[in-house]
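Worksheet: the structure to be examined is printed underneath.
Protein chains: 2
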Amino acid sequence: MAKKKATIQDIARAAGTSVSTVSRVLTGNAPVSDAKRAAVERAIAQLGYRPSLIARGLKMSKTFTIGVVINDITNPFYSMVVKGAESEAKACGYSLILCVSNENPETELHQLQMLHDKQVDGIIFGPTGHNTEFIRSLAARIPMIQVDRYLPDLQSDAVVVDNEGGAYQAVKLLTQRGHRRIGLVGWQIGITSEDQRIAGYCRALEDAGIPCDPHLMSTSPAFAPETMPAMVETLLARRPRPTAIFTINNQFGIVAMQAIRQAGLNIPDDVALVVFDDLAVFALTSPAISAVAQPAYEVGQRTVQLLLSRLKDDGEAPPQLIVLPTELIVRESA
Amino acid sequence: MAKKKATIQDIARAAGTSVSTVSRVLTGNAPVSDAKRAAVERAIAQLGYRPSLIARGLKMSKTFTIGVVINDITNPFYSMVVKGAESEAKACGYSLILCVSNENPETELHQLQMLHDKQVDGIIFGPTGHNTEFIRSLAARIPMIQVDRYLPDLQSDAVVVDNEGGAYQAVKLLTQRGHRRIGLVGWQIGITSEDQRIAGYCRALEDAGIPCDPHLMSTSPAFAPETMPAMVETLLARRPRPTAIFTINNQFGIVAMQAIRQAGLNIPDDVALVVFDDLAVFALTSPAISAVAQPAYEVGQRTVQLLLSRLKDDGEAPPQLIVLPTELIVRESA
DNA sequence: TTGTAAGCGTTATCAG
DNA sequence: CTGATAACGCTTACAA
């Protein structure tokens, strides 16, 4: 039923010309007489011809496709990054192959490999923190831009936010309000973004003359979402109890909010709360949550812009680290 | 610097055999002697050879890629659908090209066209409601599964949730609590999911002996997010004021919550609220919001399962409409 | 079992 | 300006 797709051959035949001429009107990079061009265009319209992008890709070694590997598309931050990336890519004639790695190094490895095999023109990814050697060798063969986080050992492009500064602002808000026992919850899984947030937390404390107390830092060296509530509870069980908590991401923020409530404590009177990575609904919870907002859409946009510029550079410009500013949004929880 | 990628030719040469033999060990669909196989495998390992998926795609007319077109990846429902779809696709050796249409028919058209040009094996999409004829013709050439919503005029596969039933349950909760003036806010842009939710709303009212009053239905025939607050305000301005509101999606739910608050009204005492499409944070707002939860992850999973089964069928089975159940989650707002 | 050769649908080179 | 023709990297008859 579905008649075979017309090829460039069919067009040539129908237009009474050669495939090269058809190709020329298609790509437009060689002169063609008006008569021929008209004939070709007529044939194209009549047969509903569409050039095969995959044949073209094979011939030109160019697919107009960008690979994206992120940890969790349901995380609002990442979904906004992807939205920005997709929008920019679309505007430039590229499309995105989306891979979600679930913070799993093995999955990440397979997906990077697969993207390379599919000959995407470039890759955007938020590294799990592993596979460094493999990634280094891959980066020698295909443009890669790290997003949100980066492998410090890798000499490569990256687009991130000012994690250290954002965390610093958040914790400074707390110290300014007189808090001295400020807890932190988060992962410590060797990922720059999180490490830098922890660093910002420590710096803000030290600036206020408060020593950075390991007992007030509830971190885990492994990514295990099911342990999140216990991690917050640990902190709340410290005596004297911390009077404020800074969470390293919004998931921990939500968990902390629940745990504090369940402990019968009041926010912000018993425990103040500031979370890194804002959510729209934080304005609607009770109390509304103070948070560090990230320019997620712009992160996505800038990342593909940088990638596309690399595609022209041919990768000869020095690696670039783009750091976008964050914004502390003060609401009711601190 | 980056040495040229090795091709099947290079492997043949290095292994002292022919390309066909190499291809045979690659695809494994023809016998090869152990000696040759070993030699080939050694060469592959030494040269770090990886078959070009795009050359293979050209030859086999099979790309192991699925196109996905949705309206908004930052909508938690869709991002969960995509997560389910990606997971299932990955497990079956497929990857996803993600396109976001922003509810824009023109963008949708370009993206569907582009996916076809890139020769994806199939397409999953949530139609904007337009481009029906184009989609019909496309569906004759490539397997397409509609997701979340469908074009009623199109005879085609779709995976959706029980929108009518879910809305019915939500509004029934309201009538059971004694509400008689129940407002509705939402789009009426000719999309099945929304139309069916409206139908469920009306049926629940009628079952309770309440006529379906157009003055209590604040809908808009065009997708224009900036008008959402005004749409809710219109409803709140009716006299006598509705004592309850049902919103057709979670965005309207958030807007409604804000508008009700800003009007100095209390939820649920002045105005009760139930929203279609649950969010995790609805459990944390004050009051917690009652909502209709959709099995989003499963929707994504089932959609690619259906698509992959069509790829085997060769599309000869009759079109299927898969309807997944929703669940009413009663919290504090109604 | 193995190799040769003909495509898959393009673009690009090179003569006319 | 135009038309053969050789790639691009792979799979698959067809022969041997």
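In the order they appear, the protein sequences are chains A and B.
289 is the number that this note's numbering gives to position 298 of the first sequence; each next residue is one higher, with no gaps.
273 is the number that this note's numbering gives to position 282 of the second sequence; each next residue is one higher, with no gaps.
Cβ atoms here follow ideal geometry from the backbone N, Cα and C, with glycine treated the same way.
- Message: Can you list, in chain order, the residues of its chain with a C-beta nearer than 8 Å to that of A:Glu99? Leave out the 5 residues immediately preceding and following it.
- Response: Val60, Ser92, Phe116, Pro118, Thr119, His121, Asn122
- Query: Assuming B:Leu256 contacts B:Val262 under a Cβ cut-off of 8 Å, what Cβ separation, rounded to an integer in Å, is found between them?
  - Reply: 5 Å
- Task: Drop a sphere of 10 angstroms on the beta-carbon of B:Met222, count the other beta-carbons inside from all chains shown, and report buried for 16 or more, exposed for fewer.
- Result: buried
- Message: Rounded to the nearest angstrom, what separates B:Cys203 and B:Arg194 at their Cα positions?
- Response: 9 Å
- Beta-ladder partner(s) of B:Leu319, from DSSP: B:Val283
- Could you name the residues of the same chain whose beta carbon sits closer than 7 Å to that of B:Leu17, not counting the 5 residues immediately before and after it, in chain order? Pro42
- Message: Please report whether the beta-carbon of B:Glu323 lies at a distance below 8 Å from any beta-carbon of chain A.
- Response: no
- Query: Which residues in the same chain have their Cβ closer than 7 Å to the Cβ of B:Ile320, if we skip the five residues on either side of it in sequence?
  - Reply: Asp269, Ser281, Ala282, Ala284
- Task: Just confirm the distance between the C-beta atoms of B:Ser209 and B:Pro259, as a whole number of angstroms; I'd bet it's less than 8 Å.
- Result: Contact flag wrong, Cβ pair sits at about 19 Å.
- Contact set between A:Ser43 and chain B, taken where Cβ atoms lie within less than 8 Å: Leu49, Asp108, Gln110
- Query: In three-state DSSP terms, what is B:Ser324?
  - Reply: coil
- Task: Run through the segment 34 to 89 of chain B for me and flag every whole alpha helix (DSSP H) of 4 or more residues, listed as ranges in chain order.
- Result: 44 to 51, 67 to 82
- Where A:Leu103 falls: helix, strand or coil (DSSP): helix
- Supposed contact pair A:Val246 and A:Ala80 - C-beta distance, whole angstroms, cut 8 Å: About 34 Å separates the two Cβ atoms, so there is no contact after all.
- So what's B:Ala179 in DSSP terms, helix, strand or just coil? Reading the sequence as shown, one finds Gln at residue 179 of chain B and not Ala. The answer is coil: DSSP assigns B:Gln179 none of H, G, I, E or B.
- Query: Should the segment 152 to 161 of chain A be regarded as contacting the segment 185 to 192 of chain A, the criterion being three or more beta carbon pairs within less than 8 Å?
  - Reply: yes
- Along the chain, where does the alpha helix (DSSP H) that runs through B:Thr210 open and close? Segment 208 to 211 is the beta strand (DSSP E) holding B:Thr210; no alpha helix (DSSP H) there.
- Could you tell me whether the Cβ of A:Cys83 comes closer than 8 Å to any Cβ of chain B? no
- Query: What number of angstroms, rounded off, separates the C-alpha of B:Thr225 from the C-alpha of A:Thr183?
  - Reply: 48 Å
- Message: Give me, in chain order, the residues of the same chain whose beta-carbon lies closer than 7 Å to that of B:Glu185; leave out the 5 immediate sequence neighbours on both sides.
- Response: Gly177, Trp178, Gln179, Ile239
- Query: What residues from the segment 232 to 259 of chain A come within 8 Å of chain B, judged by C-beta to C-beta, listed N to C?
  - Reply: Ile245, Met248, Gln249
- Note down, in chain order, every chain A residue with its Cβ under 8 Å from the Cβ of B:Val73. Ile64, Leu89
- Cutoff 6 Å; reference B:Asn95; Cβ partners in own chain excluding five residues on either side: none
- Nearest to B:Leu227 (by Cα), restricted to the options B:Asn62, B:Leu312, B:Ile173, B:Val13: B:Ile173
- With 8 Å as the threshold, decide whether the Cβ of A:Pro67 is near any Cβ in chain B. yes
- Query: Can you tell me whether DSSP reads A:Asp198 as helix, strand or coil?
  - Reply: helix
- Message: Given a cut-off of 8 Å on the beta-carbon distance, is the pair A:Gly48 and A:Ala30 in contact?
- Response: no
- Give the secondary structure of A:Thr18 by DSSP, where H, G and I count as helix, E and B as strand, and everything else as coil. helix
- Message: Does B:Leu312 pass the burial test, meaning 16 or more other C-beta atoms within 10 Å, or should it be called exposed?
- Response: exposed
- Message: Please report the straight-line C-alpha distance between A:Tyr288 and B:Pro205, rounded to a whole angstrom.
- Response: 39 Å
- Query: In its own chain, which residues sit with a C-beta less than 6 Å from the C-beta of B:Met(-8), not counting the 5 before and 5 after it?
  - Reply: In this prediction, B:Met(-8) has a pLDDT of 40, which is less than 50 and means its spatial position is unreliable; what the coordinates show is noted afterwards. Cβ within range, chain order: n/a, list empty.
- Message: Bridge partners for A:Asp148 per DSSP, in chain order?
- Response: A:Ile136
- A:Asp112 vs A:Leu302 beta-carbon contact at 8 Å: yes
- What did DSSP end up calling A:Thr238 once you bin it into helix, strand or coil? strand
- Item | Closest by C-alpha distance to A:Val73, when choosing among A:Arg293, A:His101, A:Lys27 | A:Arg293
- Note down the Cα distance separating B:Arg33 from A:Ala46, rounded to an integer number of angstroms. 30 Å
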